[in-house]
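Single-structure report; data block below.
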Amino acid sequence: MPLVIGEHVNLEGEADLSHYQEGESVVRCEEQTGGGAVGVGWGQPGPGTVLSLLSLGLWCSNRLSYTLALLSSCGVSSGRQLTFPRQQTDMSGVVLVVGSGGREHALTLALASCPAVTSVLVTPGNAGTLAAPKASHITLPLKDHQAVAAACVEHGVSLVVVGPEDPLAQGLANSLTAAGIKVFGPTKEAARIEADKSWAKSFMNRHSIPTAAHQTFITTQEAKTFINKQQWAGFAVKASGLSAGKGVIVADTAADACQAVDTISSSFGEAGQTIVVEEKLVGEEISVLCFTDGVDAAVMPPAQDHKRLGDGDQGPNTGGMGAYCPCPLASQQDLDIIKKDVLQKAVDGLRKEGTPFVGVLYAGLMLTVDGPKVLEFNCRFGDPETQVLLPLLEGDLYDIMMACVEGRLGKVAVPFSQDKSCVGVCVVSGGYPGSYPKGKTITGVDEVSGEAGVQVIHAGTKREGSSLVTSGGRVLAVVVTGAALRDTADRATQLAGRITFEGATFRRDIAARATKVTSRFGGGGVTYKDSGVDINAGNEFVAAIKEAAGATACPGVMGSLGSFGGLFDLRQTGFRDPILVSGTDGVGTKLKVAQAAGMHDTVGQDLVAMCVNDVLVHGARPLFFLDYYSTGRLEGQVAASVVKGVARACSLAGCALIGGETAEMPGMYAGGEYDLAGFTVGAVERGNMLPRTEEVAEGDVLVGLPSSGLHSNGFSLVRRIIEAQDLQYSDPAPFNPDNTLGAELLTPTRIYCRSLAKVLEDGLVKAAAHITGGGLLENLPRVLPSQLSAHLQASQWPLHPVFGWLAAHGVCSEEMARTFNCGLGMVLVVAADKVMEVISLIPGGEARQVGQLVPRKEGMPQVVVEELEQILSAAAAPLLIQCPSLTTPRRRVAVLISGTGTNLQALLDHTKGGLSGAEVVVVVSNVAGVKGLQRAQEAGVTTKVVPHKNYKSREEFEAAVNAELQAARAELICLAGFMRILTGSFVRAWRGRLLNIHPSLLPAFKGMHAQRQALQAGVTLTGCTVHFVSEEVDCGAIVTQEAVPVLPGDTEEALVERIKTAEHRAYPRAMELVARGKVVLREDGTCIRS
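In the working numbering, the protein residues as written are 4 to 1093.
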């Protein structure tokens, strides 16, 4: 067996030392004669030293490396003499720690506790490091790397540990390593993973490391333009360079994100000149760090930092107000993914790119509904995470760091406590993170640090005489190690309050989110929250809406929210012979607009209106309402906003919200998505039920009540127009520039209960039609006898401007009348002699006569809307003048194919509606009779066959293809399974106008069989890329990409089909971007995006 620390071997008689290898350790040697020691010393015996092996003690250490080459022969007998050669060894055990914060104080304490460390030098340090065991301060010019190296040699430094990121980004590790000094910390090149966020994002994409969608900009205007076009729920705006952990601003709206761009650009100097804009990720944020030697990664327990200044994550971002470890919010599945798909992939990727990373790699992550995603990488220990990680480390920190530096981490254990928690509460100066005073006297530190299991970690402190005073924003942290997380957090908070100085501030909720989880049943084990369902959040949501629901109570309501069922006493409503009428509905894809615009307070009224208006047309008064809210992850504020809107609408309708269901279903919905359904019950006296179809007669008049806009129908068509026009919901509405497009489209559906209450009660209405899905043409016939036809005069009611906008985008009058309400939300059938009375009884003077019933002749439609085409044309005309793009000719596209043309079909489908900025005018195939030609012919597109076998050279073939392209006046070419290699001259002639699609996320997996390459590489994410064609295969500038997961057990065929589905979305999108000039190829081969 190998020798261990402190082992004594008595070599009397035969001993086999052949299993000791070069590099193992002989630490202490004693030459003995008789019973007394002749020589005792640490280190290698000098050259020529002769030891008698009558009695020899050998101690082995895994910290120091010595050669046993002369002991490797088999058999050592008593009395044998050995000569030891000269060896260069470093026995100093002196460590230099670079930095002055809490992280460096924690590192100093941990290193000083290691037996092999004889002293710790700290530069520049703080009051805490100055008082640490074995520690002393040294002043070094850190930007003068040669001076630092010289000082290391002078003081016999065996290892340099670099705390902050700046020296690493400036190449300190490179310079010291070149001077033969061991450094725990990455090179300048590897440190780019933190120092250049733009590069880091590209690195993550190259190595399929999960992260947020993002884009990088060098001008603020480009960044703002991009932001205003995104339909994200929020944004993270980042300075690409180093900014002391403060160069990130999270914004919930596009306007705030644009302001953040200006702030980042103006506040962080050179670091903020390149700006990264990311999609805001939603979930719990955690930090997971690992030791690495560039090959292996030893992962530390997850920690959670608290960035916001105030309790409840309120106030500005800071460098960190506290942390705790381990964090139970990450499931074991999350941690497995983080280890394999984040940290190990990053270590492997950096090594493969020629910049192996040695030191601590830090991953800041968001636990989203789609799994962990990287927010950022750091190239060093985190602060304040280090303060709560190191107390749990049960291994020797110096040993581990040396193993990383010497490339043998895989052979060293890195154990952490499995039964303890650690919580750190930071105490900061008043005014932090803004300007703050310094020099405030601190008291209570000695008393608190004397407590068992407690460390007071200094950051912004210094000594002035005998006094300890503040010298920074984050002054110190009280770090407590204990068994139960809740008790440990409570103790750390209580002790933080015992440290005082003028303006001292600290949070009282560090680890609060985690203790909610661990407190259940004593903690441990898998929880429902681990699976994505947060019961506490559901309870908090119910509490938030209870008051709003209670405010809708009316006669008949029994009980309140929280029962198994909603109870209603019909007898208390005064009905004598009631008929119950029920209705149920949803809001449809209008919800997609609300979610994209981040406006959730109006869709509740849409839900109620769609249900109660349906009940109303039967003459019924709605009595009570129930809602159903389903989502993948419950966001309490969003859900409460929706349901409070439901409650307000119930009040408008005169009914009670007596119950509902909130369903949190992880995996059913994408992040930020939710769906709604509603159910209402009303009552009507038996004799007052509508429609009274038998009374409806020729000559009856149609009375209309205006809508508030689109109401809740036709939004799939509306969203298609918005997508085709590349509009954002934050843009000014083209038909009402004083309001945003999102706000205009989300104008809630009108509720007509109060407006119609009197006329229904008096029996003045024969029938009523709610103009909902199906528009005027489909809803009026539902209440009319088959022998009558409704003739409407579109000039008799005001047309909401949104309908003119739709008409300007090519929605014809017939489609408008079949899909939308066209400005009428409710139509009543009234006897001619009752019209004036009905109009007078409807409040607001908004009801008007809009048509009449006439005999229906054979072949006549049951609804005729006269003058609608002229009204729509007049409404569209101003918009056509204001928006020239609506009348701009579409870009003429040619598609080159060789086979079935499934991507061709996607392009044809995208362009056929007239909303696209592109038009496929010709399809050219080099093979006759293929399926793609049939697809084009069925779509009415010209087809041409140019068989390549008929031509002697590629140049002749391409000349023939070019002739067809010129004849079709093609302006843009899309290759869709075109199996011929194009010459450089053809590519140059069509430069910037020639697109291709490749089944991988380029630049990964170029060439043939990309899907097979992805499976062989073991990636978990691949996809497709649309790019401009260049002379080098699969190397042109990227227009757009779409990611596709690689699933366990995937075959090549299954992956091909999944990527093909993504291609059918990505290729039309890319064609549209290029056709509209949103993506243009620069002269230097990169893209301009607008």
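Ideal Cβ positions, reconstructed from N, Cα and C, are used throughout, including at glycine.
Looking at the unbroken alpha helix (DSSP H) that takes in residue i, where does it start and where does it end?
i: Pro801; result: First-last for Pro801: undefined, no H or E at that position.
i: Asp337; result: 335–340
i: Met404; result: 400–408
i: Ala326; result: Unbroken run through Ala326 is the beta strand (DSSP E), 325–328; no alpha helix (DSSP H).
i: Asp449; result: 448–452
i: Leu175; result: 175–181
Less than 8 Å between the CB atoms is what I'm expecting for residue i and residue j, so what's the real figure, rounded?
i: Tyr365; j: Arg354; result: That belief does not hold up - the Cβ atoms of Tyr365 and Arg354 are roughly 18 Å apart, past 8 Å.
i: Leu573; j: Gly562; result: So it is not a contact: roughly 15 Å between Cβ atoms.
i: Val264; j: Lys204; result: Contact flag wrong, Cβ pair sits at about 17 Å.
i: Ala507; j: Gly104; result: About 18 Å; that fails the 8 Å criterion.
i: Val933; j: Ile900; result: 7 Å
i: Leu720; j: Leu730; result: Contact doesn't hold; Cβ gap of about 14 Å is too wide.
i: Arg895; j: Glu974; result: 5 Å
i: Val164; j: Val100; result: 5 Å
i: Leu978; j: Val1032; result: 7 Å
i: Ile230; j: Ala274; result: Their Cβ separation, rounded to whole angstroms, is 20 Å, which puts Ile230 and Ala274 out of contact at 8 Å.
i: Leu795; j: Arg859; result: 14 Å between Cβ atoms; not a contact.
i: Val279; j: Ser243; result: 5 Å
So the beta strand (DSSP E) residue i belongs to, where does it begin and stop?
i: Asp912; result: Per DSSP, Asp912 belongs to no beta strand (DSSP E); it is in the alpha helix (DSSP H), 905–914.
i: Val923; result: 921–928
i: Val896; result: 894–900
i: Lys376; result: 374–381
i: His461; result: 457–461
i: Ile289; result: 287–295
Can you tell me whether DSSP reads residue i as helix, strand or coil?
i: Asp630; result: strand
i: Ala113; result: helix
i: Gln307; result: strand
i: Pro1048; result: strand
i: Gly717; result: coil
i: Leu1076; result: helix
i: Arg466; result: strand
i: Arg1094; result: With the chain represented from 4 up to 1093, any question about residue 1094 goes unanswered, as that position is not in the structure.
i: Gly526; result: Any reading at Gly526 must be qualified, since the residue scores a pLDDT of 44, below 50, and its modelled position is unreliable; no value is offered.
i: Ile774; result: coil
i: Ser420; result: coil
i: Leu85; result: Confidence at Leu85 is low in this model, with a pLDDT of 35, below 50, so its placement is unreliable and the value that follows should be read with caution. In this structure, Leu85 counts as strand in the three-state DSSP scheme.
i: Gly250; result: coil
i: Leu169; result: Just to set this straight, residue 169 is Asp in the shown sequence, not Leu. Helix, per DSSP.
i: Pro740; result: strand
i: Ile1091; result: strand
i: Glu1086; result: coil
i: Leu809; result: helix
i: Ser270; result: helix
i: Cys815; result: coil
i: Thr696; result: helix
i: Pro784; result: helix
Is there a Cβ of chain C sitting closer than 8 Å to that of residue i, yes or no?
i: Val1022; result: Chain labels in this structure do not include chain C; a single protein chain is all it has.
### Task
Indicate whether the contact test is met: 3 or more Cβ pairs, each with one atom in the region 819–831 and one in the region 771–778, closer than 8 Å.
yes
### Inter-stretch contact (C-beta, 8 Å, three-pair minimum) for the region 610–617 and the region 583–590
yes
### Message
Check whether the region 636–648 and the region 698–711 are in contact - that is, three or more C-beta pairs closer than 8 Å.
### Response
no
### Query
For the region 177–188 against the region 123–131, are there 3 or more C-beta pairs whose distance is under 8 Å?
Cβ pair count under 8 Å is below three, so no.
### Message
Assess contact between the region 994–1010 and the region 954–971, defined as three or more Cβ pairs (one per stretch) separated by less than 8 Å. Is contact present?
### Response
no
### Task
Please list the segments of the beta strand (DSSP E) lying wholly inside the region 543–615, counting only runs of 3 or more residues, in order along the chain.
581–589
#### Entry: Contact between the region 674–693 and the region 598–606 (3+ Cβ pairs under 8 Å)
yes
### Query
Taking only runs of the alpha helix (DSSP H) that begin and end inside the region 977–1042, which ones reach a length of at least 4 residues, in chain order?
Correct list: 987–992, 1013–1020.
### Query
Do three or more CB pairs link the region 496–514 to the region 348–362 at distances below 8 Å?
Because the criterion of three Cβ pairs below 8 Å is not met, the region 496–514 and the region 348–362 do not touch.
### Task
Taking 8 Å as the threshold, find out whether the region 687–694 comes into contact with the region 625–641 through three or more Cβ pairs.
no
### Task
Go through the region 214–238 residue by residue and report every complete run of the beta strand (DSSP E) that reaches 3 residues or more, in order.
217–220
#### Entry: Length-filtered (4 minimum) alpha helix (DSSP H) runs lying within the region 821–864
838–844
### Message
Could you check whether the region 401–411 touches the region 338–347, counting it as contact only if at least three pairs of C-beta atoms, one from each stretch, sit closer than 8 Å?
### Response
No, because fewer than three Cβ pairs between the region 401–411 and the region 338–347 fall closer than 8 Å, the two stretches do not touch.
### Query
Can at least three beta-carbon pairs, one atom from the region 206–214 and one from the region 374–394, be found at a separation below 8 Å?
yes
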